[in-house]
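The structure under discussion appears below in the form of structure tokens.
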Amino acid sequence: MIYAIYLRKSRADLEAEAMGQGETLARHRAALREYAQSHGMEIGAVYEEIVSGESIDARPKMKQLLREVEQGRWAGVLCMDIDRLARGDSADQARVSNTFRISGTLIITPSKVYDQSRESDEEYVDFELFMARREYKAISRRIMRGRIASVKEGHFIGSTPPYGYDKVKVERGRGFTLSPNSESDTVKQIYSMCISGMGCNAIARRLDMMGIEPRKGKSWSGASVQDILRNPVYCGRIRWQYRKEEKSVTDGIVTTHRRDNPECIIAQGLHPALISEEEFDRAQQYLDSRRIPHARENTQLRNPLSGLVYCGMCGSMMTRLGTGSRNHSDTLRCPNRNCGNVSAKLELVESALAEGVARWLNDCRVNVSRKHAADTAKAERTAADKVRAELTKLDSHRERIYSLLEQGVYSAGEFRERMEALEKRRAQLSENLRQAEQAVSEAEGNRQLYAQIIPRVERVMDIYAQSTPEEKNHLLKTIISRAEYIKTERNTRENADRGNFTLNVIPLFPEIKTGAE
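Numbering of the sequence shown is given in numbering that gives the first Met the number 0, commencing with residue 0 and proceeding in unit increments.
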């Protein structure tokens with residue numbers, strides 16, 4: 000049987016690291032590997048969550064682990080505490096509990112093994128997850144109160160300082176503040192250009208022409224310039240919670256949005272200002288005068304590929320450009336104005352993606368039959384069981400050799416000779432077992448491919464054409480991780496509908512590759 004390890008830092012771990020108590024994940028990894036070794040468990044994979052997130056959807060490694068647990072890939076999952084798996088809301092807790100219970104996968108911690116086929120363990124898992132959520136909410140409230148108090152005192156509590164500043168410790172006190180750096184002159188230039196009547200995009204182009212690089216990336220954008228012009232930190236204030244997270248539910252699916260918060264906290268900061276309040280106010284007046292109010296009658300998603308297709312040249316997320324005087328159909332384009340990737344009609348890219356999924360589905364049906372996959376998985380498990388039985392017999396034989404040595408039947412030379420032969424045989428069997436278990440894992444993957452993944456993709460393709468763009472987007476995200484788009488040749492009017500681009504689709508299961516010519 001093969002097991003997996005899941006590692007995630009808690010807030011207590013982060014505080015311990017800050018006090019110099021060492022790297023948490025490394026210690027936890029070593030402890031769980033030692034536990035697995037002492038209990039004869041073979042570890043097939045280690046998942047280290049390097050992002051912080053309350054919900055499962057914000058943790059990619061946890062999502063991958065749950066998919067594999069659903070497929071029955073692991074006999075059990077080792078973690079330091081059960082609350083490492085889920086501290087989100089009741090829906091997340093139920094998702095974790097049900098996935099492990101239905102698949103028969105064990106949850107293993109150094110203090111207890113949870114087998115939810117037993118009613119007592121199932122109740123214990125639910126109780127532990129409930130208490131973990133309660134503790135998480137209490138800690139969150141305490142931390143938020145401390146953060147708000149720190150902001151009102153003028154401290155900077157963000158992780159990344161704004162452009163033009165460095166984050167430094169407060170002298171003779173607790174907390175952090177900001178100190179101007181070499182980028183501060185650029186900030187002053189940006190405000191000066193804005194007050195003189197230049198728009199954000201024009202300022203971005205001027206900065207690029209001057210050879211001034213932003214902190215991230217190689218070129219400026221109008222959005223990054225506007226962020227600087229809208230930030231009151233440059234006139235000596237501290238702003239907190241100005242982009243508030245809002246959740247909404249549509250057809251049972253929770254989506255999160257960040258919106259401007261007019262009631263955000265603004266306090267006088269401890270840091271020196273780069274511009275005067277008068278200059279900041281003049282910049283706001285100019286930006287407000289250029290704003291064009293948009294009456295959005297229809298807020299439904301119009302791009303079925305939203306959040307899925309990325310530029311294969313610069314890595315930017317591809318965006319939809321609606322119809323207008325210059326283009327008569329929706330277009331998928333790279334938003335990076337310095338990127339050479341050529342845009343294409345959205346319908347052509349969508350069609351190529353759907354055709355690629357259909358080809359993948361057909362190949363799977365041809366190459367993997369349900370009966371063959373099940374028979375292969377059964378045969379490989381039988382072969383692995385035979386190797387394990389031989390290893391067990393070998394261990395019994397070793398005990399007999401020791402017993403015969405103690406009885407004086409074997410001399411020291413005979414003992415060494417027989418033990419060397421036994422260990423050589425054991426090493427060979429161990430390698431055979433490793434290969435057999437790998438074959439079991441691959442065969443089980445093929446079985447799960449036919450049993451779960453193929454029907455899932457079939458359901459998506461059956462209803463895809465009749466769905467709305469928003470529904471299509473939700474459907475695609477259940478089978479596709481991302482897609483990378485590259486196009487180097489521009490179309491002419493005569494061949495405007497030619498899909499001369501390459502689309503590499505990365506699914507949530509075996510990779511699909513497709514090109515449109």
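Beta carbons: idealized from backbone N, C-alpha and C, even for Gly.
Buried or exposed for residue i, going by 16 or more other Cβ atoms inside 10 Å?
| i | result |
| --- | --- |
| Asn302 | buried |
| Pro161 | buried |
| Asp82 | buried |
| His270 | buried |
| Tyr5 | buried |
| His27 | buried |
| Ala372 | The pLDDT assigned to Ala372 is 47, lower than 50, so where the model puts this residue is not dependable; a value taken from the coordinates is nonetheless given after this. Classification for Ala372: buried. |
| Pro458 | According to the sequence as given, residue 458 is Arg; it is not Pro. Exposed. |
| Glu349 | buried |
| Gly172 | exposed |
| Ala148 | exposed |
| Ser195 | exposed |
| Lys223 | The residue you asked about is not Lys; residue 223 is Ser in the sequence shown. So Ser223 counts as buried. |
| Val112 | exposed |
| Glu127 | buried |
| Thr487 | exposed |
| Met317 | buried |
| Thr491 | exposed |
| Ile49 | exposed |
| Arg369 | Any reading at Arg369 needs caution, since the residue's pLDDT is 48, under 50, leaving its predicted position unreliable; the model's value is listed next. Label assigned to Arg369: exposed. |
| Tyr190 | buried |
| Ala426 | exposed |
Tell me, please, which residues DSSP counts as bridged to residue i.
| i | result |
| --- | --- |
| Tyr3 | Just to set this straight, residue 3 is Ala in the shown sequence, not Tyr. Paired residue(s): Ala44, Val76. |
| Ile485 | Thr501 |
| Gln267 | Arg236 |
| Leu331 | Arg319, Ala343 |
| Val167 | Thr176 |
| Ile147 | None, per the DSSP bridge assignment. |
| Tyr309 | Met316, Glu483 |
| Tyr113 | Ile106 |
| Pro506 | Ile479 |
Distance check for residue j and residue i, CA to CA, integer angstroms please.
| i | j | result |
| --- | --- | --- |
| Leu403 | Leu421 | 15 Å |
| Ile211 | Val167 | 24 Å |
| Ala382 | Glu430 | 13 Å |
| Glu118 | Gln92 | 17 Å |
| Leu304 | His38 | 47 Å |
| Val169 | Ile265 | 19 Å |
| Tyr123 | Ile106 | 12 Å |
| Thr501 | Gly311 | 9 Å |
| Val408 | Glu398 | 14 Å |
| His327 | Gly321 | 8 Å |
| Met143 | Glu67 | 35 Å |
| Arg100 | Arg140 | 32 Å |
| Asn180 | Arg205 | 21 Å |
| Gln115 | Asn200 | 58 Å |
| Ala272 | Gly163 | 11 Å |
| Lys62 | Gln70 | 13 Å |
| Gly412 | Ala3 | 42 Å |
| Arg287 | Leu228 | Here residue 287 is Asp; the residue named in the question, Arg, does not match the sequence. Whole-angstrom Cα-Cα distance: 11 Å. |
| Ile479 | Gly198 | 39 Å |
| Ala351 | Trp73 | 35 Å |
| Pro231 | Ile274 | 10 Å |
| Asn337 | Ser218 | 8 Å |
| Thr176 | Ile156 | 8 Å |
| Ser395 | Thr477 | 50 Å |
| Val504 | Ala203 | 33 Å |
| Leu64 | Asn335 | 34 Å |
| Ala353 | Cys313 | 24 Å |
| Asn499 | Glu346 | 13 Å |
| Gly153 | Thr159 | 16 Å |
| Arg455 | Leu474 | 10 Å |
Assuming residue i and residue j are in contact, meaning their beta carbons sit under 8 Å apart, how far apart are those beta carbons, in whole angstroms?
| i | j | result |
| --- | --- | --- |
| Ala90 | Cys193 | So it is not a contact: roughly 45 Å between Cβ atoms. |
| Leu307 | Arg319 | The pair is not a contact, with the Cβ atoms about 12 Å apart (cut-off 8 Å). |
| Arg380 | Leu432 | Not really, about 12 Å apart at Cβ, beyond 8 Å. |
| Tyr463 | Lys471 | 6 Å |
| Asp259 | Arg236 | Actually they do not touch by this definition, with Cβ atoms about 16 Å apart. |
| Leu559 | Arg415 | Nothing in the structure corresponds to residue 559, since the chain is present only between 0 and 516. |
| Val35 | Leu77 | The residue you asked about is not Val; residue 35 is Ala in the sequence shown. Right, the Cβ-Cβ distance comes to about 6 Å (below 8 Å), so this counts as a contact. |
| Tyr233 | Val186 | 6 Å |
| Thr108 | Met79 | 7 Å |
| Lys60 | Glu41 | Wrong, their Cβ atoms sit about 20 Å apart, outside the cutoff. |
| Val150 | Trp239 | 4 Å |
Closer than 8 Å: is that where the CB of residue i sits relative to any heavy atom of the ligand ATP?
| i | result |
| --- | --- |
| Arg281 | For the structure depicted, the ligand ATP is absent and the ligand set is empty, with no information on it obtainable. |
Unbroken stretches of the beta strand (DSSP E), 3 residues or longer, contained in the stretch 177-258: 236-239, 242-249
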